[in-house]
Amino acid sequence: MLWEVDIHPAAGQPDLTARQVETAAAELGIAANLQVHSARGFLIQGDLDEKQIARLAAELLADVVVERTVVALVGDNVLLAPLSPSLPVGSRLNESGSRLKDAILPPSAFPLPPSSVIHVLPKPGVMDPVAASTQAAIADFGMKADAVRTLKKYWIAGLPEESFPLLCSKLLANDAIEQAVIGPLPFSRLEVGSPYQFKLVTVPIRAMGDEELKALSLGGQLYLSPVEMRTIRDYFQTLDRDPTDVELETIAQTWSEHCSHKTLAGRIRYVDENGERRFQNMLKETIFAATQTIRKRLREQSSGVSALHAPLSTLHSPPSTLPSPLSPLPSPDADWCVSVFADNAGVIRFDDEHNVVFKVETHNHPSALEPYGGANTGIGGVIRDPMGTGMGAKPICNTDVFCFAPPDTPADSLPPGVLHPRRVMKGVVAGVRDYGNRMGIPTVNGAIYFDPRYLGNPLVYCGNVGLIPRDKSFKHQQPGDFIVAVGGRTGRDGIHGATFSSAELHSESDSVSGGAVQIGNAITEKMVLDVLLVARDRELYNAVTDCGAGGFSSAVGEMGEKIGAEVWLDRIPLKYEGLSYTEMWISEAQERMVFSVSPAQWPELEKLCSSEGVEATVIGRFKPTGRLVLKYHENIVADLAMQFLHDGRPPVIRDAIYTPPVPRPLGKGLGARDQGLGTEIISLGGTAGSSSSAPDAANSSANTAGQASSATQTFSLPSPLSPLPSLKKILSSLNVCSKEWIIRQYDHEVQAGSVIKPLVGVANDGPSDAAVVRPVLSSRRGLVISCGMNPRYGDFDTYWMAAGAIDEAIRNAVAVGADPRRLAILDNFCWGNTDRPETLGSLVRAALACHDMAIALGTPFISGKDSLNNEFRSSGNEPISIPPSLLISALGQVEDVGRCVSMDLKRPGNLIYLVGLTKNELGGSHYALVENLEGGEVPKVDCDLARRTFLALHEAIGAGTVRSCHDLSEGGLAASIAEMSFAGGYGAKIDLSKVPHDFSPLPTNLRSVPGEGSGVRTELDATAVKSSSALEGPIDIILLFSESNTRFLCEVPPENAPAFESALQEIPHARIGEVTADANLEIFSDTVSIREDLATLKEAWQKPLRW
Amino acid sequence: MPIPHVLILRAPGTNCDRETAFAFEKAGATTETLHINRLLENPRLFERFQILCVPGGFSYGDDIASGRILGNQIQHHLNDQMMKFKDDGKLMLGICNGFQILMKSPVLLPPDREQGPLATLTANDSGKYEDRWVHLEIRGGKCVFLEGIERMYLPVAHAEGKFVARNEGVLRELDAAGQLALRYVSARTSPTAEIRTGMAGDVDIPARILPFPENPNGAQANVAGVCDSTGRVLGLMPHPERHLDPLQHPRWTRGEAGAVGDGFQIFVNAVRYFSN
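Okay, structure coming up:
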């Protein structure tokens, strides 16, 4: 019998789901006045009578205080009518199914035909965690359900029925994982799988020519290159046999871009304006090499003396109930890297007892097809990385960074196969929220970047930090150990994730690769985590790793690489019958870990797991054979040499070319000029490039006006010059505006270690630079998590984009108090199709910057990941490639979290300092974005000055001289001071003419003058300015909006000014204003005056994403 | 002074157990964190403890509804032990998901035979999970955990925390009995104190539900926590274990935190109860 239990909001209770659907339908342009009634439901198959099912409805499935139920056998028409909203409150409807039917009013109450109902169900085989829990909970009632499935129901009015399929595909259901049924359900039983009949499949690869190999690679979703396919064919020719399907799959998985990073770790011939460079292993020679250089230097210096300065005062440290830190940091010069680029996550030293681990992954392609499931399993997957690092770390916080197309993208402009960015964004946020929150891991840091080029290919970066005892930081699997699968069961979900994630998306991706999309079950992973930490401390295993992309194939293959392994596939616990041996092996079903367990340890581990309801199964054994052997019962289905698997892949050889774009002065974009906007041409000495390259089309009008030459920076600005509207537009721009709607949906305080929250300030809603957490509740030692990214700069020069991202990540961390000498960083490269030499060239160039910056700043890379081929193809259109997108994540440390600072202004009368040099760098800026300007100079980084600035500022913060600190990034000085002001609820008065700058080469009317106090200052000569009206606007615009790197605003109490200035005496800095008691932001120079009340600025900043 | 032993009850998906145990230990208690399976195997384990705390998290994923599956397990298998624990004069505390679980047990608000549960915690009016800090005021003097506390500033973090009574009569009775012990209030004033329904008996039910975000979920009568008729069982949506230390206050950098976090007194009160 197949029962259906529908649960409706009771009369007088809000139908929140229906309202959300109505809103979203209007937003997506599907229907302006949709009327929806919703219900959630359960399909329960089993030998249950009416009374039993009614009891389950009342006591298990519904909340009788606020909900009403309808119970009937599937097929009964009573299930198709919406429940009348006018039922009396308080009536209980749980006695019997027949009475429930009586409660349904005739259709006149909500006059909809049965065809107006839409059912949405997970497709068979798709993870349905609620159904699984329900089945178990039914057993707790002493009843038995053979199968359970959840469903959602919507009764729709206000839309013609022929538009229902559109509503389903655009909003209600995702075809990758769900089926939508309009009208009655067309089945009366749930499929539970049928037994699998073993049949060994071999692939006659030895006889294949190039065309057939190509067809096999594509058709079998192996996604291997022709030379790789030929290598495999030749290998099996020497073996004198054909491979089995599972052997081919294993090789494809091991050799996939996702698992082997073959492009970036491959041979690359790179050419740029400086000449040619050949890499044998690009990653090793850039990013890894930088870390090695830093570690070597640290070890060499460790004999030297270097104690931290003791803090000077306790100005703002509250009388915490925690003990003061007893032991200072170990010498910051010692090599504090523990395990880098080796394990599932990078490992560094934290305190005397613990190390910390950090990993950031991407889950882009699954998120493009199914945003909720993709992001859900993205965060679930990256949490397993620290869990699978060393002997297992305890996850302590998450970081999540997303890239989307603008949410106001017109719905009718979407190419086929593309989900609307608003739907993608809502789904991704919900996916991260539901997994992270359920795991009990605070999501403390993140960012979102918007660009139209992410339309078909959004990016979802998920990161996790873990804490691990120092003596558990390495794993040691042994020959003879059992291979033990722990956690979730294996199903048909996630087949081909590793190979699929290495391919481009196209408009039919959802139908071809739907199996790669999954839904996670966070509680299964939490249960695994609970037993893992206990088992680790009781030493019940020798090694652990996660089952990620590639499933058992990847996990066992990597663990057994140096030993050899035999796996008994028939023992793998399955979600349902019918999986072939190959599916069992390559399934990427979530929430699974693989342990290496000695026979002596096994009984106790098994007992522990079973005591908490966690499934643990011996599925094989590591054997010192150097071979990977897979058996299904007595049949050997694979027998491969580990050496061929891991070392047999032919090297990928690629060309990479980088041609710097022709420098172009800042000027109106073509689009705007064509609209005939009045512009005033203003020029400022200063070159966009050292070359005398001919000006291109974009500034030809400037030439016509006779104001520009090839060596002159040209502005063409809206007239009259009005920086205040620009500031408001920047605050309202999607990248800058408040992300509170998202942040609050994440539990950012669970585990109770939160010190600096993502939202700070007088109303708890200002944008924190970084998050600080205390992973050990009895200690004041803290971790700082921050990030840096700016894809816009990549359009100018990916070298400076990368350098800027590193600078930004570090300055965000330093701004809250992180010690720059103890800061580790991670790289995540998301790029377009690197088969194109230009695309790969832009990536290599970014990697070179990573190398140079890391060494110069002493911040080692400890882990990283790349995701290539982020392009979207639809028939008849040019592929859309994402912009080069390098995310830098930073993990910093603070000795005493009581010394941390937040970014909100604290007290009227305090002084405001600008630290760092402002340069003529508006290229790629948000000013240029909102004013539709192109060209200009992209921000560069002065590495030596950056290093010294971070150190000096850290000393000033550590000494307690700084009350608030905020970095300058998108929107420059103007956006930064606006944020500090409205976050703190205090005004600020800023004198623009005091801003230290370095306009190089200096126009004749600028001269350098020594600063009044300590430090170097360059000042605008007011007289000169007045004599040259052409300069007024541009200089102020640069000072207000330039996005030059390594700059901070600091709020300093007057009494601390001498100490602050002394700490920064070697660094460009200047007092540029003060905090005021009135709620106005005032920025002035001799020529410009901005004055606006904070409420207006804050509203501009909060409004765009206040969903 | 006798030191109470605290049972921190954990189930699949519980995730605030460590910081909750830390809070009780800091307040002077000893703690033991036990998986629900241990209690199902051996219900007599209850006897070792003086305080039962069901901490926050997502027990069994909050699948079906928050706290439903664990609540049912307790009701099906451990109801007698729970009732005895309470009748023995011991204390019970449910925080967030723990509150949602206790709401499904007769130890907090016993359902009436005819009409079932008196009240529930349902989806926030905002329709989504939210983490934010709220101001709270204590009502009625009967709850052991809240003794001597007037106001608190604590974070809430939930999707299903809207308190809804079965009907207004139930709400009024609970209020009259002093069981609606914890209310969301505005930062400065307490509108609930000023606005009365005008109903007979001077029953103090606010006519006005505070707007979002002061009342973060739309709870009737701005209820954030309720206690049982004895005052020895408390369930609350906010997280006192997340505000033990001034450094957890969202505005400690502005000098707004006190010497001790607002949530700490709840744990101190529980421990002190056994020293009297």
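Top to bottom, those sequences are chains A and B.
For any residue, its number in our numbering is found by taking its place in the first sequence, counting from 1, and adding 536.
For any residue, its number in our numbering is found by taking its place in the second sequence, counting from 1, and adding 1.
Glycine included, every Cβ here is placed at the ideal spot set by N, Cα and C.
Under DSSP, no beta-bridge partner is assigned to Met537 (chain A).
Taking Asp542 (chain A) as reference, the option from A:Ala560, A:Glu595, A:Lys688 with the minimal CA-CA separation is A:Lys688. A check of alpha carbon separations from Leu94 (chain B) across B:Arg243, B:Gly226, B:Tyr61 identifies B:Gly226 as the nearest. If you draw a straight line from the Cα of Pro922 (chain A) to the Cα of Phe894 (chain A), it comes to about 7 Å.
In the three-state reduction of the DSSP assignment, Glu821 (chain A) falls in the helix class, which pools H, G and I.
Going by beta carbons, Leu579 (chain A) and Ala673 (chain A) fall outside the 8 Å limit.
Beta-bridge partners of Gln715 (chain A) (DSSP): A:Leu657. Of all alpha-carbon atoms in A:Leu1630, A:Ala1360, A:Leu1600, A:Ser1578, the one lying nearest the alpha-carbon of Asp1614 (chain A) is that of A:Leu1630. Using a Cβ-Cβ distance cut-off of 8 Å, the region 1157-1171 of chain A and the region 766-776 of chain A are not in contact, since fewer than three pairs of beta carbons, one from each stretch, lie closer than that value. The Cβ-Cβ distance between Ala1174 (chain A) and Val763 (chain A) does not fall below 8 Å.
Look at Gln556 (chain A): its C-beta is under 8 Å from a C-beta on chain B. By the neighbour-count criterion, in which a residue is buried when 16 or more other Cβ atoms sit within 10 angstroms of its Cβ, Phe100 (chain B) is buried.
Pairing Leu1110 (chain A) with Thr1026 (chain A) gives a Cβ-Cβ distance under 8 Å.
For Leu1487 (chain A), the CB contacts under 7 Å within the same chain, skipping 5 residues up- and downstream, are Pro1356 in chain order. Rounded to whole angstroms, the Cβ separation of Ile1346 (chain A) and Gly802 (chain A) is 29 Å, and the two are not in contact under 8 Å. Remark: C-beta atoms of Pro907 (chain A) and Arg831 (chain A) do not approach each other more closely than 8 Å.
What Tyr185 (chain B) touches in chain A, judged by beta-carbon distance under 8 Å, is nothing: the nearest beta carbon there is about 15 Å away. With its beta carbon at least 8 Å from every one in chain B, Ile1448 (chain A) lies outside the interface.
Going by C-alpha positions, Pro722 (chain A) is about 17 Å away from Pro649 (chain A). C-alpha of Tyr1335 (chain A) to C-alpha of Ser1421 (chain A): approximately 12 Å in a straight line. Looking at B:Ala220, B:Gln249, B:Leu248, the one whose alpha-carbon comes closest to that of His159 (chain B) is B:Ala220. Minimum Cα-Cα distance from Leu1069 (chain A) among the listed residues A:Glu697, A:Lys930, A:Met663, A:Ile1292 corresponds to A:Lys930.
Along the region 586-597 of chain A, going in chain order, the ones with a CB nearer than 9 Å to a CB of chain B are Ala594, Glu595, Leu596, Leu597. Under the DSSP assignment, Asn891 (chain A) falls in the beta strand (DSSP E) whose first and last residues are 890-898. The alpha-carbon separation between Ile804 (chain A) and Glu1473 (chain A) amounts to approximately 29 Å. Excluding sequence positions up to five before and after Lys27 (chain B), its CB lies within less than 8 Å of the CB of Leu245, Phe265, Phe268, all in the same chain and listed in chain order.
Residues of the region 1058-1074 of chain A whose Cβ lies closer than 7 Å to any Cβ of chain B, in chain order: Ala1058, Ile1059, Lys1062, Met1063. As computed with DSSP, Thr780 (chain A) is found in a beta bridge with A:Thr738.
If you draw a straight line from the Cα of Val600 (chain A) to the Cα of Gly90 (chain B), it is about 31 Å long. Taking C-beta separations shorter than 6 Å and ignoring five residues to either side along the sequence, the partners of Gly141 (chain B) in its chain run Gly179, Ala182, following chain order.
Under the three-state reduction of DSSP output, His244 (chain B) falls in the coil class, being neither helix nor strand. Inter-residue distance for Ile1122 (chain A) and Glu1102 (chain A) is about 15 Å (C-alpha atoms, whole angstroms).
Runs of the alpha helix (DSSP H) lying entirely within the region 783-821 of chain A and spanning at least 4 residues, in chain order: 793-796.
For Pro44 (chain B), no Cβ of chain A is located within less than 8 Å of the residue's own Cβ. Counted as a single uninterrupted DSSP element, the stretch harbouring Asn973 (chain A) is not any beta strand (DSSP E) but the alpha helix (DSSP H) occupying residues 957-975. About 6 Å separates the beta carbons of Ile713 (chain A) and Ile1055 (chain A), which is inside the 8 Å limit, making them a contact pair.
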